[in-house]
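In our numbering, the protein residues as written are 2 to 364. Worksheet: one structure, shown below.
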C-alpha cells in the first residue's frame, strides 16, 4: 500500500498531472477528499498557484453558508475555530514583539502564539454561549418530554429527502432544496398515526461520509434528540448508486453519538426515481415526492412504537371524567368497567404516557 507523501500527500508525478488538469479546466480551487496538513496545503498552493482545501474545510464552509439560527451559527463557528487552531502556520513569526501588558502579547511572543491565544479565547467564549443555548434547548426538551407522545427522529445522509418526507407526513412546509445540508437546525412537528395516536417527528441535520469530528462535537446538542428518541427513522436515497456506503456512513455517526439503532426503521425514499433499489424485508419503500408508500410507513411507525407500549390498569372515581378522557386521548383503552371501588380502565400506552399517568395519579 502506498504511503502519503509528507510534503504534498500525492507524488511528484500526480502533482504534475494535477497542475496540467487545472490549466486545462481553468480551475480556481482544488479540493482533496482526505485531510491535508498545513505544510501539504502550503506546498501544493505554491506549486499549483491555486487555492487548496480539504474535505473537512469544504464541509465546514457549506455549513457556514447554510446556518440560519443563532445556535446553528455558533455551532459552525466553533467547529471552524477548532479545525483552524492546530492548522495555524508560522507565516507571521517575523513579527515578534517584546511589549507586554494586560491583554497584549507577552515578552517574546510571536504573532503565531498571539493568533493561537486569540483563537483559544474565542473558542472559550463560543462554548459559553453554546452552553446558554443548550440550557434553553434542555428546557424545551423537558417541556416536550412532559407531553405524553413518543418521539421519532429522522436521520439520514444529506439530501436523502428527510425534510421532504417530514412535509409529506405532517403537512408542514419546511425548507426543501436539492443541495447539501439544506437543514441544519432540528425541527419538531406533530405526526398523527393510523390509530389516531400521536407522535412527535424530529428532523435533524443530514450526515455525510467523513463528517469532521469538530462538527459532530459542535452539533451534539442538536443531534441528542436522535439519541433520546423512541424510534430512529433512517431515511435513505434508494436511487443513489452508493446507497450501502451512505447507510454505513450514517450508522458510523450514530455509533459515535452513542445512539442505539437496534430498532431503527430504514425508509427507502425516492422510489419514484429510475434505478431506485427495492426495500429489503423489514424496511419501507416510499416516495416523499408522490406520497406513495406513506400509509405503509405510518403503519410501520405505529407498529414499532407499540412494541414498547405498557399495559396499565387504573381505578378512578366515577366523577373523574378528566382523567378518563386523558386515557382515551393518550392510550388505547382495552377495557372499562364499574365496580364498588369506582371506574376501572385497562389501556395500552407508550412508556412516556404511562409515566405521565403515574405522576398524575401521584404514584
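The beta-carbon is built from N, C-alpha and C at its ideal position, and this holds for glycine as well.
By DSSP, does residue 357 sit in helix, in strand, or in coil? DSSP places residue 357 in helix when its eight states are reduced to three.
Using the beta-carbon count (16 or more within 10 Å), is residue 214 buried or exposed? exposed
Can residue 127 and residue 61 be called in contact, C-beta distance under 8 Å? no
Need the endpoints of the alpha helix (DSSP H) that residue 164 sits in, please. 163-171
Answer yes if the stretch 115-123 comes into contact with the stretch 201-210, meaning at least three C-beta pairs across the two stretches below 8 Å, and no otherwise. Taking one beta carbon from each stretch, the stretch 201-210 and the stretch 115-123 have fewer than 3 pairs nearer than 8 Å; the two do not touch.
Could you give the C-beta distance for residue 268 and residue 251, rounded to a whole number, given that I count them as a contact under 8 Å? Contact flag wrong, Cβ pair sits at about 12 Å.
For residue 7, is the classification buried or exposed, using 16 other Cβ atoms within 10 angstroms of its Cβ as the cut-off for buried? Exposed is the call here.
Quick check: what's the CA-CA separation for residue 278 versus residue 27? 38 Å
Rounded to whole angstroms, what is the Cα-Cα separation between residue 274 and residue 321? 54 Å
On the premise that residue 287 lies in contact with residue 192, defined as a C-beta separation below 8 Å, what is that separation, rounded to the nearest angstrom? Residue 192 to residue 287, Cβ: 14 Å. No contact.
Using DSSP with H/G/I as helix, E/B as strand and the rest coil, what is residue 15? helix
Complete runs of the alpha helix (DSSP H) confined to the stretch 243-269 [at least 4 residues]: 244-258
Going by beta-carbon coordinates alone, are residue 299 and residue 194 separated by less than 8 Å? Cβ atoms of residue 299 and residue 194: closer than 8 Å.
May I ask whether a heavy atom of the ligand MG can be found less than 7 Å away from the beta carbon of residue 343? Questions concerning the ligand MG fall outside what the structure shown contains, since it holds no ligand whatsoever.
If you scan the stretch 320-359 from start to end, which runs of the beta strand (DSSP E) of 3 or more residues do you find wholly inside it? 333-340 and 343-350
For residue 86, which residues in the same chain have their Cβ closer than 6 Å to its Cβ, ignoring the five residues on either side in sequence? 120
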